[in-house]
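Chain order of the listed sequences is V and S.
The opening position of the first sequence corresponds to residue 0 in numbering that gives the first Met the number 0, with each subsequent residue numbered one higher.
The opening position of the second sequence corresponds to residue 0 in numbering that gives the first Met the number 0, with each subsequent residue numbered one higher.
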Amino acid sequence: MKDLAHTSYRNGHFTVNGKLLAEPTSSPDTDLNNAWSALGIELPRFPRMDRSSKLVAICGSSFFIEGGALAGHSKETIGMVIMGKHGSMDTDSKYQAQLDADNHASPGQFVYTLPNIAMGEFSIQHGLYGSGLCLLNNAPDLSQMREACVILLHDHGMDAIVCGWSDIFADQATATFMVVTERTLADWNAAELEKIFNDH
Amino acid sequence: MTVTLGAAHVLSPLGEGLAASVERMLNGATALQRTSTAFDTPAVLGIIPKELLPQGPRRIQRLIDRCMQPLVQELGNPKFTDRWGCYIATTKGDIAALENGNANGAALSVIADHVQKTYGFTDRPWVISNACASGTSAIAMAGAAIERGFVDHAVVIGVDVLSRFVLRGFQALHAVSEDPCLPFDAKRKGTSLGEGCAAVVLTKDASILKNPIGTFVSGGIAHDANHISGPSRTGEGLVRAIQCAMKKANLSATEIHAVNAHGTGTDYNDAMESIAFERSGLSEVPLSGYKGWFGHTLGAAGVLESLLALHALNTGLVLRNEGLTELGVPSKVNVLAKEMNVEGDLLLKTSSGFGGCNAAVLLRAKRQ
């Protein structure tokens, strides 16, 4: 799978196709902002997003920069399969803490308390009308990801899927994204992908 | 290949079981009730009767078990080998665990842990969380997985329970009606929240089912890329989801006999849906939404409402849209204020949710 387009964030390192995007710091928030600057992509909503949405936005947007795997691709037929463990728990906890503290429910926080909102933000940023699936699991499950991509590619008329694992909660954040097409499915190498997704 | 649905079981504010629930929708009143004690704030809610589901910890797991046990029994206690898939649709799972600071207990994947361990699924159950389109998305994925040969059978579970977390959030967005919600009505003032669980088997081998209730035809999922908490004004995502399902099945709008809509009772959602249905050529098709009966059950809604609509269509009926007095949406739709006899068997179920998710499934009733 030598031509697999992929992005990852692990141990503070954002990489695009294995190339470091920005120098790591000890803070995921700083890393996210630095990666946003380094990508040089228009993401007007980025400062207002929650952290889960920012992580998906950075990893997914890397495919749309000049020379990226999806640059110039029709946005009508790009689907999304995003998997994570904590979903929106990072924002859920903040919303719950405020509710507990002064019985105030913040509408601005509440709208981010669904795991699929990060995918929704990503679709808005890039004008993606395709099929999308938000999945929760304890760890990256490449079998489920592959099945979801096959169904979206073959039954829902998509021709490329932004597919990956994205998880952020408190100070822990990891993500690995790839672009899945018919060719990716033909070249699918589970052992190699396990290494890309789980090699910490 | 034909993918058949059966061994269905539901639990909602209407009660337990498809037949009893539909009977109440024909001859009874809404299950929405006014309360000021449930979450320390006045609200109209659809609450599962406490004799069916007592309050207390691990409520969502007890609800799933109450729904799954009759399903497993009807199947004759099968082994859920790797030829079985399990697709769980939920939005917030056991979010009440977060009130005690238990973030791990509130994680949605905990539900998959429980279902896998309790029922012995060899393969990891899927947890699909596409906001309020989760249930319909889960049916679409399960049906396609069987057609693609990934599995031979699938259990689809839609589940969500009421919580202070969600109720206060919807109230903060001014999306909750002070009275029982009135989907598609001119006087609608927001949604009502509810809770429920629905479980159903999809299979390529109908002989494992004692009481098949219909077949899966096709599904579609699409985003509207518009706003994270507001639907597209043009219904774009929903139109695309419906088109995806119709194209896959090579069917046209004129072949659809009934529509079960999302119908939340909020101004923007119901308006959006009417526009999408008219754009899809469905203006004349008998249509209803069920949230006036038991509220918005979030991740459970797509599965629960699909099964109720399919059961009704099996008897030749499209049930009424509870609460409708005067239609109040911008585009032409045939919303039913009274149940209606129909000849056909093809049902379109749609759902839409925050994040711009939309899902549609086509199901064919097995007329009795």
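The C-beta atom is built at its ideal place from N, Cα and C for all residues, glycine as well.
Remember, it's a predicted structure, so these values are computed and weren't measured experimentally.
Residue i to residue j span [Cα, whole Å]
i, j, result
"V/Ala147", "S/Ile87", "14 Å"
"S/Ala18", "S/His310", "8 Å"
"S/Ala252", "S/Asp344", "13 Å"
"S/Val200", "S/Arg61", "19 Å"
"S/Val43", "S/Glu321", "15 Å"
"V/Ala174", "S/Thr202", "35 Å"
"S/Thr233", "S/Thr324", "25 Å"
"V/Gly126", "S/Leu74", "45 Å"
"V/Ile40", "V/Lys84", "27 Å"
"V/Pro27", "V/Tyr8", "9 Å"
"V/Ser25", "V/Gln97", "26 Å"
"S/Val21", "S/Arg58", "24 Å"
"V/Met157", "V/Glu75", "8 Å"
"S/Glu277", "S/Ser133", "24 Å"
"V/Glu22", "V/Arg47", "23 Å"
"V/Met0", "S/Ala102", "37 Å"
"S/Gly148", "V/Val80", "20 Å"
"V/Gln108", "S/Val160", "20 Å"
"V/Met177", "S/Asp204", "36 Å"
"V/Val15", "V/Leu69", "13 Å"
"S/Leu297", "S/Gly193", "8 Å"
"S/Arg82", "S/Thr3", "16 Å"
"S/Val317", "S/Val341", "7 Å"
"S/Leu326", "S/Ala275", "16 Å"
"V/Arg182", "V/Ser60", "21 Å"
"V/Asn197", "V/Trp164", "10 Å"
"S/Leu306", "V/Asp30", "47 Å"
"S/Gly14", "S/Thr263", "20 Å"
"S/Leu25", "S/Pro211", "22 Å"
"S/His226", "V/Tyr128", "12 Å"
"V/Asn102", "V/Gly131", "34 Å"
"V/Ala104", "S/Phe169", "9 Å"
"V/Ser92", "S/Ala106", "11 Å"
Cross-strand partners of residue i (DSSP beta bridge)
i, result
"V/Phe176", "V/Thr6 and V/Gly163"
"S/Ser273", "Looking at the DSSP assignment, S/Ser273 forms no beta bridge with any residue, so it has no partner."
"S/His222", "S/Cys356"
"S/Arg363", "S/Thr214 and S/Leu345"
"S/Cys196", "S/Leu10 and S/Val158"
"V/Gly39", "In DSSP, V/Gly39 forms no bridge with anything."
"V/Leu132", "V/Val80"
"S/Gly5", "S/Val200"
"S/Met339", "S/Val317"
"V/Thr90", "Its beta-bridge partners do not exist; DSSP assigns none."
"V/Val110", "In DSSP, V/Val110 forms no bridge with anything."
C-beta atoms of residue i and residue j nearer than 8 Å
i, j, result
"S/Ala141", "V/Ile150", "no"
"S/Thr265", "S/Thr314", "no"
"S/Glu272", "S/Ala257", "no"
"S/Ala358", "S/Thr135", "yes"
"S/Gly5", "S/Ile138", "no"
"S/Leu97", "V/Pro106", "no"
"S/Asp93", "S/Gly100", "no"
"S/Glu177", "S/Lys188", "yes"
"S/Ala248", "S/Leu312", "no"
"S/Cys356", "V/Gly119", "yes"
"V/Phe121", "V/Ala172", "no"
"V/Leu113", "S/Gly354", "yes"
"S/Val9", "S/Leu303", "yes"
"V/Leu141", "V/Leu192", "yes"
"V/Leu20", "V/Ala4", "no"
"S/Val155", "S/Thr89", "no"
"S/Thr349", "S/Leu250", "no"
"V/Ile200", "S/Ala224", "Since the first and last residues shown for chain V are 0 and 199, residue 200 of chain V lies out of range."
"S/Ser11", "S/Phe293", "yes"
"S/Ala299", "S/Cys196", "yes"
"S/Ile220", "V/His153", "no"
Does the stretch 122–133 of chain S come close enough to the stretch 135–144 of chain V to have 3 or more Cβ pairs within less than 8 Å?
-> yes
Are the stretch 330–338 of chain S and the stretch 208–226 of chain S touching by the rule of at least three beta carbon pairs closer than 8 Å?
-> no
Counting pairs of beta carbons, one from the stretch 157–164 of chain S and one from the stretch 24–36 of chain S, are three or more of them closer than 8 Å?
-> no
Determine contact between the stretch 176–185 of chain S and the stretch 50–64 of chain S, defined as no fewer than three beta-carbon pairs at a distance below 8 Å.
-> Not touching, per the Cβ criterion.
Do the stretch 46–59 of chain V and the stretch 62–74 of chain S touch if we need at least three Cβ pairs shorter than 8 Å?
-> no
How do the stretch 287–295 of chain S and the stretch 232–251 of chain S stand: do at least 3 beta-carbon pairs fall below 8 Å, yes or no?
-> Counting C-beta pairs closer than 8 Å gives fewer than three between the stretch 287–295 of chain S and the stretch 232–251 of chain S, which falls short of the contact rule.
Could you give the uninterrupted runs of the alpha helix (DSSP H) lying entirely in the stretch 246–318 of chain S, keeping only those of 4 residues or more?
-> Correct list: 266–278, 290–293 and 300–313.
Taking only runs of the alpha helix (DSSP H) that begin and end inside the stretch 28–97 of chain S, which ones reach a length of at least 4 residues, in chain order?
-> Segments of the alpha helix (DSSP H) lying fully in the stretch 28–97 of chain S: 58–73.
Counting only runs that start and end within the stretch 105–191 of chain S, where is the beta strand (DSSP E) found for 3 or more residues in a row?
-> Listed in chain order, they are 125–127 and 152–159.
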